[in-house]
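Participant:
This is how it looks when you write it as structure tokens:
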């Protein structure tokens with residue numbers, strides 16, 4: 503249940519972050535592009551869970567799997583403010 507909560511709390515601000523203009527701190531994508539990104543995210547997580555999740559739980563155990571999953575969500579939350587300054591830089595660099 504905690505992972506579902508973290509997933510929802512990441513999805514809601516992520517859609518706003520992707521559509522907000524760059525000068526406000528977002529990435530400035532069009533709504534159709536955000537839809538494609540969220541659809542690809544949903545499809546890829548579904549494929550990943552169907553293909554690898556059981557193996558990961560067998561290898562790491564339930565407790566370690568949950569801890570690593572929660573940690574990955576926290577890292578995703580922390581990356582949101584990091585992406586904004588990178589998007590504000592003009593031109594193409596190593597981060598893009």
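Residue numbers (the working numbering): 503 to 598.
Note that the Cβ used here is the ideal one computed from N, Cα and C, for glycine as well.
Just so we're clear, the structure is a prediction, and the values are computed from it rather than from any experiment.
In the DSSP assignment, the alpha helix (DSSP H) including residue 580 goes from what residue to what residue?
Facilitator: 564–590 is the span of the alpha helix (DSSP H), which, as asked, contains residue 580.
Participant: Specify whether the segment 577–593 and the segment 519–536 touch according to this definition: at least 3 beta carbon pairs, one from each stretch, less than 8 Å apart.
Facilitator: These segments touch.
Participant: Is the beta carbon of residue 508 closer than 8 Å to that of residue 575?
Facilitator: Yes, these two residues count as a Cβ contact at 8 Å.
Participant: With respect to the alpha helix (DSSP H) encompassing residue 550, which residues constitute its N-terminal and C-terminal limits?
Facilitator: 533–550 is the extent of the alpha helix (DSSP H) around residue 550.
Participant: With DSSP run on the structure shown, which of helix, strand or coil describes residue 529?
Facilitator: Residue 529: coil per DSSP, three-state reduction.
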